[in-house]
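Enquirer: The listed protein sequences correspond, in order, to chains P and X.
Taken in order, the first sequence gives residues 1 to 114; the numbers are from the working numbering.
Taken in order, the second sequence gives residues 1 to 111; the numbers are from the working numbering.
Cβ atoms here follow ideal geometry from the backbone N, Cα and C, with glycine treated the same way.
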Amino acid sequence: GGIITQTPKFLIGQEGQKLTLKCQQNFNHDTMYWYRQDSGKGLRLIYYSITENDLQKGDLSEGYDASREKKSSFSLTVTSAQKNEMAVFLCASSPDWGGSYEQYFGPGTRLTVL
Amino acid sequence: GDSVTQTEGPVTLSEGTSLTVNCSYETKQYPTLFWYVQYPGEGPQLLFKVPKANEKGSNRGFEATYNKEATSFHLQKASVQESDSAVYYCALSNSNNRIFFGDGTQLVVKP
Chain P
1 GGIITQTPKF LIGQEGQKLT LKCQQNFNHD TMYWYRQDSG KGLRLIYYSI
51 TENDLQKGDL SEGYDASREK KSSFSLTVTS AQKNEMAVFL CASSPDWGGS
101 YEQYFGPGTR LTVL
Chain X
1 GDSVTQTEGP VTLSEGTSLT VNCSYETKQY PTLFWYVQYP GEGPQLLFKV
51 PKANEKGSNR GFEATYNKEA TSFHLQKASV QESDSAVYYC ALSNSNNRIF
101 FGDGTQLVVK P
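1) Might you give, ordered along the chain, the residues of its own chain that have their beta carbon closer than 6 Å to the beta carbon of Val-88 of chain P, omitting 5 neighbours on each side?
2) To the nearest angstrom, how far is the alpha carbon of Ser-72 of chain P from that of Ile-3 of chain P?
3) Please tell me whether Glu-102 of chain P has its Cβ less than 8 Å away from any Cβ of chain X.
4) For Arg-44 of chain P, which residues does DSSP report across the bridge?
5) Which residue marks the beginning of the beta strand (DSSP E) containing Ser-72 of chain X, and which one marks its end?
6) According to DSSP, is Glu-26 of chain X part of a helix, a strand, or is it coil?
7) Give the range of the beta strand (DSSP E) segment to which Gly-13 of chain P is assigned.
8) Compare the C-beta of Pro-95 of chain P against all C-beta atoms of chain X and say whether one is closer than 8 Å.
9) As a quick exercise: from P:Pro-95, P:Gly-99 and P:Ser-100, pick the residue whose alpha carbon is nearest that of Gly-1 of chain P.
10) Establish whether the CB of Pro-51 of chain X and some CB of chain P are separated by less than 8 Å.
11) Can Leu-102 of chain X and Gln-6 of chain X be called in contact, C-beta distance under 8 Å?
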């Protein structure tokens, strides 16, 4: 088995601030993802990385940057936090890039912007 | 584009009653269909997936049949337990390897 660790668990920022969320996985999976989860809405893909050194934009990439530092880690940066923004950011990984693969999710980072 | 529509929650049931969460999908391709479950404070986890039309998936007493003609993948359980309280996500993946999630259905089971 394996685990996905997301840090921090809770993140409080100020409007306009640059904020970084981190994700680590020990599955040895090639592909990693960042999703945004808003209350009452589905999971929306922000960025994904098929392999180490790869970065791909998802449907919601504006306002975010991502970095795949090594195979096991994938970071997401909110470039300028928006006031009253509240969401949960979920990191996931899968063995390979392919829609039929199961995705394994971390517990999430809950963002609040004051 | 591809999309998934599912029963709007919350769905509130008493223990021992039956559950149906409707899921309809749109795609011009040949998707794999998934049900994920998310318990409070955790990330979603796979309940089961079905890659082929007209086949059924099941796990922990939950089941769903991939109905290609009706473009549906409804989740059912004959007798829910309080521990089944969670958010359930229907999802599809297409041949472009993208996965699309529905908005989720919150299930509340009362003892």
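Expert: Looking at the coordinates:
1) Here residue 88 of chain P refers to the residue found at position 88 of the first sequence. Within the same chain, Cβ atoms closer than 6 Å to the Cβ of Val-88 of chain P are found at Gln-37, Gly-108 and Arg-110, the five residues on either side in sequence being excluded.
2) Taking the first residue of the first sequence as position 1, residue 72 of chain P is located at position 72. Taking the first residue of the first sequence as position 1, residue 3 of chain P is located at position 3. Going by the C-alpha atoms only, they are around 11 Å apart.
3) For the purposes of this step, residue 102 of chain P is identified with residue 102 of the first sequence, where counting begins at 1. Chain X contact via Cβ: present.
4) Counting from one through the first sequence, the residue named residue 44 of chain P turns up at place 44. In the DSSP output, where bridge partners are listed per residue, Arg-44 of chain P has P:Arg-36.
5) Residue 72 of chain X sits at position 72 when you count from the first residue of the second sequence. Ser-72 of chain X -> no beta strand (DSSP E), and no H or E assigned at all.
6) On the second sequence, position 26 is the one that residue 26 of chain X refers to. The answer is strand: DSSP assigns Glu-26 of chain X an E or B state.
7) Here residue 13 of chain P refers to the residue found at position 13 when the first sequence is read from its first residue. Start and end: 10-13.
8) Translated into the one-based positions of the first sequence, residue 95 of chain P becomes position 95. Pro-95 of chain P does not count as touching chain X.
9) Reading the first sequence from its first residue, position 1 is the one you call residue 1 of chain P. For the residues P:Pro-95, P:Gly-99 and P:Ser-100, the minimum Cα distance to Gly-1 of chain P belongs to P:Pro-95.
10) As a working mapping, residue 51 of chain X is identified with position 51 in the second sequence. Under the Cβ criterion of 8 Å, Pro-51 of chain X is counted among the residues facing chain P.
11) As a position in the second sequence, residue 102 of chain X is number 102, starting the count at 1. As a position in the second sequence, residue 6 of chain X is number 6, starting the count at 1. Note that residue 102 of chain X is Gly in the sequence shown here, rather than Leu. Yes; because the gap between Cβ atoms is below 8 Å, this pair is in contact.
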